[in-house]
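Everything on this sheet refers to the single structure shown next.
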Amino acid sequence: MVITAIVIGLYFLNLDFVNKLALQLEDTKFGIRDSLGLVPTANENVVIVAIDEKSVKSLGRYPWDRRVHADLFARLDQASIVGLDIIFGERTTQENDQYLADVISQNENIVCGYLFRNEAVVQTSVEALDLLRHNDSDYLNIEFLDEVVGLGNYKYADINIPEISSSCLTSAFFTNQPDPDGLYRRYPLGYIHQGFVFPPLAVQLVRFYQNKQAAIVLDKDGVKSFRLGEVDLSDENYFKFNFYTLDQDIFISAVDVYDGTVPPDFFKDKVVLVGVTEMGLYDMRPTPVNPVTPGVWLHYTALSNLLNNEILVGSRTLDVSLILFGLLLVFAISFHRILWQRVALYIAVLMLLSVVANGALIAVNIWLREFFAFAGVILLMIVLEIFAFVRTELRAGEVKKAFTSYVSPEVVGEILKDPDKLELGGVEREITVLFSDIRGFTSLSEKVTPTQLVQMLTQIHDPMTNVVLNNKGMLDKYIGDAMMALFNAPLDVANHADKAVHSALAMIETLHEVNGRFRAQGYPEVDVGIGVNTGKCIVGNMGSKVRFEYTAIGDAVNLASRLEGLCKTYKCRVVISDATREQLSDGVLVRQLDRVRVKGKNIPVHIFEAMKTTEDNKQIKQRFEQGLEKYFSQEFSQAMAIFEDLADNMGDKPSEIFIARCKDFIANPPEQDWDGVYSHKTK
């Protein structure tokens, strides 16, 4: 809201320094239109008779003798109307001045020009003012809504000498003012002089060419409304030039008219402007489309704009709508999470605003002030991105606080790219869960002091945790002597089952090093059991807004915990589920341990032991699975023989479990529908 108010406020304040920037940007629309070849065509009935370099070289240094002007104007007698962008304000000889006045009077089609100024030595006399006003030289159809009118007011006027002023069909001023940056972009609808409102040259020419009166309503801000033919303007003291291509073909050299090269009938029914284009005579005006533009060409442009009804119309409503539209788009884009995509969309918004502004100019001659929409978009974008940066930094602090101790620095870096994953709640995803537990922890705690116990746990957990982190796992939590780790959360991890099992085997190797240090320190050795399971879980921040932790919940987690407990039963160190085994690569050695129904579950699962890849373990795997096949086929004697061989000769602990079972089943055979599933009653 604040930015919206600032931008719209700047738009309505109309500050010079802001307008300079705005005008420079908005001028580019003319160049774009020109590059697309979509510049409109000027009215074909309007031509310029140019006092150019060729004419000056041929007819002599300017200003010329009044008779030269008279002979030139005489050849324009077939034109519908002639406008003079020159002034005869000083007397020469009485004979020459009268000769020119007579020609102008005989033509009956010449609108004489004059100049307004704010500084002069002599104020306009009553007689001179009467000459200015004669023959409809001021607006006739005029209405004043306020006593004080906010229109340009000039104290002084440079007018033609009385003989010439009185002989003209009418008169009009050719004064114009540049914008704050010195460029000419607009044309006045009228100025006030000595309490009267006078029209400019282009308006006066259209009035007489079309034989229509201009209706103008004035208020404290200036022109409230203006109507002339099909042209209808509101709340504008000036109208903006709809520039044409500055084509030299529209300029007819004055000398070619003077010497008859261009015949008089060429000008029949045309509107003719007579003005200076020779650069040495200093009647040049910079415009957005040309830094050196003859002043008469501005009248030509205004005249064609009025005749073709191609005036560029502004709209404050559309300008404000464009500002609000751009700001709304930026605000919506700011919710997008990925920075580079946001930046791309911001740029797209600026391009869209440019397309709208250029399209309005080309299609319907509407002049939009897109600078203010651009400024609003850029300002809001900067503010929102600063807020986003601050918010991201705060969220990054939360992420680091929540994850630095639980995942590797690389994973923390990845999470920081999308901290919104820390929102309270969770998502369902497939993960591999690892549970580890120290065997005999209760009895161990009785053998050492509490301080020593903490030191031992630290020496166990530190290297075990590093193993998990090095394999792109996440430490979920420590539960006393137990540890829970997740793989494939919070980020996607390829081959997460492999990494979890490799972590489990590496933890066993690490345990040997830990026990070596314990022996050296006089501590008792420890053993661990590890359970690994893969499945879908709900993963995310669990808890309340006051206190929460990133964790996983679901049956897959519970089963991993049960598998860890089975390590004690089967006297092995790493037990994994069938779901995990199915995702393992060929490089991991596993053997099937059993078909079991864990406590609290009705659905049986196949469990496996992950083993270090050695030749002995390969033999154990092969023989054990042969024995297991006999066992499930209820060939208990043959199975027991295999298991006894493994236990006696290979020291295989899980075989001892099946020796006892085989003996029991030989003595008490199972029922015929026995499926080989063993139901465990304890965790």
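Just so you know, we're using our numbering here: the sequence shown kicks off at 545 and counts up by one. C-beta atoms are modelled at their ideal positions from N, C-alpha and C, and glycine is treated no differently.
Asked, Found
"What's the C-alpha gap between P832 and I708?", "35 Å"
"Among L1013, V836, A1026, T1054, whose alpha-carbon lies nearest the alpha-carbon of L1035?", "L1013"
"Quick check: what's the CA-CA separation for L866 versus N781?", "23 Å"
"Measure how close the beta-carbons of V1118 and H1224 come, nearest whole angstrom, since I'm counting them as under 8 Å.", "Not really, about 18 Å apart at Cβ, beyond 8 Å."
"Can you tell me the Cβ-Cβ gap for I855 and N902, rounded? I've got them flagged as a contact below 8 Å.", "Between N902 and I855 the Cβ distance is about 18 Å, and since that is not below 8 Å, they are no contact."
"Within its chain, find whatever has a CB closer than 7 Å to the CB of A904; leave out the 5 residues flanking it on each side and keep chain order.", "I910, L912"
"Taking 6 Å as the cut-off, is the beta-carbon of R577 closer than that to any non-hydrogen atom of the ligand GDP?", "Summarising the ligand content, the structure contains no ligands, and the ligand GDP is consequently not present."
"Do G870 and V1230 have their beta-carbon atoms positioned less than 7 Å apart in this structure?", "With the chain covering 545 to 1227 only, the question about residue 1230 has no answer from this structure."
"With the cut-off set at 7 Å, would you say H843 and D629 are in Cβ contact?", "yes"
"Which of the three DSSP states is assigned to L1242 in this structure?", "With the chain running from 545 to 1227 in the structure shown, residue 1242 is simply not present."
"Classify Y826 as buried or exposed, calling it buried when 16 or more other Cβ atoms lie within 10 Å of its own Cβ.", "exposed"
"Under the rule that 16 or more other beta-carbon atoms within 10 Å means buried, what is E914, buried or exposed?", "buried"
"Under the DSSP definition of a beta bridge, which residues are partnered with I1147?", "Its beta-bridge partners do not exist; DSSP assigns none."
"Suppose only complete runs of 3+ residues qualify. What are the beta strand (DSSP E) ranges in the stretch 986–1062, listed by chain order?", "1017–1023, 1026–1031"
"Using the three-state DSSP reduction, which class does H737 fall into: helix, strand or coil?", "strand"
"Is H1046 buried or exposed, if buried means 16 or more other CB atoms sit within 10 Å of its CB?", "buried"
"Flag this pair as touching only if the stretch 731–741 and the stretch 614–622 have three or more C-beta atom pairs under 8 Å; answer yes or no.", "no"
"Cα separation between Q1216 and R1167?", "26 Å"
"With DSSP run on the structure shown, which of helix, strand or coil describes F931?", "helix"
"Is V612 helix, strand or coil when you go by DSSP?", "helix"
"Which class does M823 belong to by DSSP, given the choice of helix, strand or coil?", "helix"
"Apart from the five residues just before and just after K764, which ones in its own chain have a Cβ nearer than 8 Å to its Cβ?", "L689, D690, V692, V693, G694"
"Note down the Cα distance separating I882 from R1106, rounded to an integer number of angstroms.", "41 Å"
"Just list the alpha helix (DSSP H) runs in the stretch 1102–1142, keeping only unbroken ones of 4 residues or longer that don't cross its boundaries, in chain order.", "1122–1126"
"I need the DSSP call for C1081, collapsed to helix, strand or coil.", "strand"
"Can we say the stretch 994–1003 touches the stretch 1119–1135, given the rule of at least three CB pairs closer than 8 Å?", "no"
"Three or more C-beta pairs under 8 Å: does that hold for the stretch 564–579 against the stretch 768–776?", "no"
"Quick check on the burial criterion: 16 or more other C-beta atoms within 10 angstroms. Buried or exposed for I1097?", "exposed"
"With H, G and I counted as helix, E and B as strand and the rest as coil, what does DSSP make of P808?", "helix"
"What span of residues does the alpha helix (DSSP H) with Y643 cover, start to end?", "638–651"
"Using a Cβ-Cβ distance cut-off of 7 Å, determine whether V1142 contacts chain B.", "Absent from the structure is chain B; it holds one protein chain and no more."
"Report, in whole angstroms, the separation of the C-beta atoms of Y698 and R730, which I expect to be a contact under 8 Å.", "17 Å between Cβ atoms; not a contact."
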